[in-house]
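Data block below; observations after.
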Amino acid sequence: MSFLRILGYFFIFKACMGDLTLVQKTYIQTYNEQQSLKKPTLKLDTAWLTINVSDNFDLRVYAQSEECWKCADMFITDVLGPGTKTILVNATFGTHLLLRRNLPGNVTEVDVCRFRDKFREGGDYWVFFNYSTYEEGNCVLDIANDPMSAELPILYLFCGLLGLDVLYQIVVYIYRRRRDAQTVRINNTNEDGKKNPDIEMYLPHGKNMELSFIMPTHDHTEAQENVTRKKRLKSLDIFRGLSLCIMMFVNYGGGGYWFFDHPPWNGLTVADLVFPWFVFIMGSSMNFSFKSMRRKQKSSIQIVFKIIKRTVILFGLGIMFNTNWGPVHLKTLRIPGVLQRLSLSYLIVAFIELCLGRKENTHRARAWAPVRDILQYIPEWIAAFSVLAVYLTLTFCLPVPGCPTGYIGPGGLSEGGKYYNCTGGAAQYIDVTILGPNHIYRNPTPKLIYQTSAPYDPEGILGTLSAAFLCFLGLQTGRIFVLHQDHKPRLIRLVIWAAITGAIGAGLCGGSKEEGLIPLNKNLWSVSFSLVTACFANIMLTAMYVVVDILDWWGGEPFIYLGVNPLIAYCLHDIFYRFFPVNWEIENPEHWSLLLKATWDVTIWTVVTYILFRKKIFVAL
């Protein structure tokens, strides 16, 4: 939450209170005192809206969330005049409100006024309605209190974590100063009593040690060459750890904030980034694993066995985690899932790399050597685009009974309910046909806003093809680090790929949430979604590569601990989701309590992976 936004809220509050007359302010105070126990209880992401009708006619209240694309207004309540009524309104997204008057002795209704507002959580909003308001058709929305911004706990948490980090650095600094103060400096002296700077040693105070003096040399090249080892690409591990950290934070509730949750249908939030980043990183890491296997001269049969083994284990773990929510009923067991999509994406791209990839990096001296990371791998690109072509063909050309061909909407209330059971179009149809309606996810994200009833799985079969293409884009990015050893060519290519994927993705969605040719959509794993998330992944990897691997400004703590042990951290966070001290019931949850809980949960597994890191225990497939 920025200072300017808080300042803006302050002036908005003052302006709104200034619009209220003294009579209205007195009435609000009296009403709140007398009706405090009768008003609906405020919950997370809600506000009060009180409508006062001072004349003898009735109002009907209609509302709709602006997240519900092309949805009709829904009836909420009646306000009988003269009288006052308080209702709860959603404070997560913007809301469109319509007030209509019931004409006496007539079944028809007349629109009185319509307005849109993004309510503030805990706000006490009022609309005063009388005959002059009816004639003018102008409703004024006032706020009678000044609630704290719902995002402020994030700022407080950030400042708290920053303070802890500063305190930790101070403690470490003091410890090192005291340790250095207890060090005895031993200097060799010449016969004339002068110090010989060529021979000196540092000895911890109070310890008996045998002294051995080693004459230094100005040429350390040979010694350094003997101990130099090829540096691991730390930025990739740190990026993986950051993605896992955000994923766990989101899975543990994300503080109840909408941007740490998935959107109802189209759109992109922080929660939408982490899974595709994992897919992207998996593709990038594949370069190093294949390079290692080929260097060890593993046969194709051995590589195939490892690919299948890893796929089966990941898929099996995913099925097991799908049963972590209660008694297992095989007739309703969900088959798709996060690890299942990871495993199948890996399977597709790994076989592309195995069958079509080059075993050696050749043609370094040729004129087209700067683009050899593309030209040498044209067969792989053809295979990857073929996978993407199958996805697009099925999405937009497969006939779906009862639905228009190429439909990619949420169904439900969208477009007046004409395609109520068509959620996801071909993606849903394929899952239901192959897996059956009882083996896919039954609580998809559009269910609340669009009031859908059809099952839809965000990790279904069709979207796995687009995810595999994203994995291949990650493979291409990882190839940059394998084929180019200098920082400059690496950075140039990372930036170029970020620009290309971002530009094409933005073009496909038209820079719009709803109206582009192919909107950003995680549920469908749309092509624009794959490209835009690949763009962000390249940007993040570039930034971390500069800060960590080039400038060496940061060691990656604490994300490096999660990044080198991602499988065990993910499994533990899922297995112990329902166990104390990871989970417990919070009465009357608020953002600050949910935020602290999610942070605590992530901290637990970060500490666990830190301990494993210190003990040099790493679990991988």
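Here the sequence shown stands for residues -18 to -1, 1 to 603, numbered as in mature numbering (1 follows the signal peptide of the UniProt record, and there is no 0).
We treat Cβ as the ideally placed atom computed from N, Cα and C, and that holds for glycine.
Put simply, of T251, M268, I33 the residue whose alpha carbon is nearest the alpha carbon of V43 is I33. In the DSSP annotation of this structure, the continuous segment of the beta strand (DSSP E) that includes Q46 starts and ends at 40 to 47.
Distance from the CA of Y9 to the CA of G236, rounded to the nearest whole angstrom, comes to 39 angstroms. Within the same chain, A45, Q46, S47, E48, V71, R98, D99, K100, F101 come within 8 angstroms of T77 by CB-CB distance, once the 5 residues on both sides are set aside. Here the C-alpha atom of K21 lies approximately 13 angstroms from the C-alpha atom of W108.
When the beta-carbon positions are compared, P571 and L26 come within less than 8 angstroms of each other. The DSSP-derived three-state label of H78 is strand. Note on P135: 16 or more other CB atoms within 10 angstroms of its CB, so buried under the neighbour-count rule. The residue from L455, C453, T415 with its alpha-carbon nearest to that of Y438 is T415.
Here DSSP, grouped into helix, strand and coil, assigns K67 to strand.
Note on K504: 16 or more other CB atoms within 10 angstroms of its CB, so buried under the neighbour-count rule. DSSP places A73 outside any beta strand (DSSP E), giving it a letter other than H or E. Straight across, the Cα-Cα distance linking T446 with W507 is about 8 angstroms. Taking 4 residues as the minimum length, the alpha helix (DSSP H) runs contained wholly in the segment 315 to 366 are 320 to 338, 354 to 357, in order along the chain. C-alpha of A485 to C-alpha of A332: approximately 27 angstroms in a straight line. Our two residues, L523 and L554, have alpha carbons roughly 26 angstroms apart in a direct line. About 7 angstroms separates the beta carbon of V509 from that of L374, a gap short enough to meet the 8 angstroms contact definition.
About 6 angstroms separates the beta carbons of P64 and D37, which is inside the 8 angstroms limit, making them a contact pair. Contact between L603 and L544 does not hold, since the beta-carbon distance rounds to 17 angstroms and is not under 8 angstroms. Taking the C-beta atoms as reference points, L576 is found no nearer than 8 angstroms to I586. For Y107, the secondary structure class from DSSP, reduced to helix, strand or coil, is strand. D27: not part of any alpha helix (DSSP H); DSSP gives it neither H nor E. In the same chain as V232, and ignoring 5 residues on each side of it, the C-beta atoms closer than 6 angstroms to its own belong to F242, A253, in chain order.
Closest in alpha carbon position to T581, among I228, V528, D162, is I228. Its chain contains R323, L324, S327, A449, L452, C453, G456 as the residues whose beta carbon lies nearer than 8 angstroms to that of V261, once the 5 sequence neighbours on both sides are disregarded; these appear in chain order. Within the segment 429 to 485, not a single complete beta strand (DSSP E) segment reaches 3 residues in length.
In the DSSP assignment, I550 falls within the alpha helix (DSSP H) that extends over 548 to 557.
Straight across, the Cα-Cα distance linking G223 with I542 is about 6 angstroms. DSSP places N34 in the strand class (E or B) of the three-state scheme. Assignment of T427 by DSSP, reduced to helix, strand and coil, places it in the coil class. A residue is called buried when at least 16 other Cβ atoms come within 10 angstroms of its Cβ; C53 meets this threshold and is buried. If the five residues before and after V92 are omitted, its C-beta is found closer than 7 angstroms to the C-beta atoms of R82, R83, L85, all from its own chain and listed in chain order.
Exclusion of the five residues before and after Y402 leaves G393, G394 as the residues of its chain whose Cβ lies within less than 7 angstroms of its Cβ. The alpha-carbon of V320 is positioned some 10 angstroms away from that of G442. Straight through space, the alpha carbons of V514 and G493 are spaced by roughly 11 angstroms. With fewer than three CB-CB distances shorter than 8 angstroms, the segment 417 to 425 does not count as touching the segment 380 to 394.
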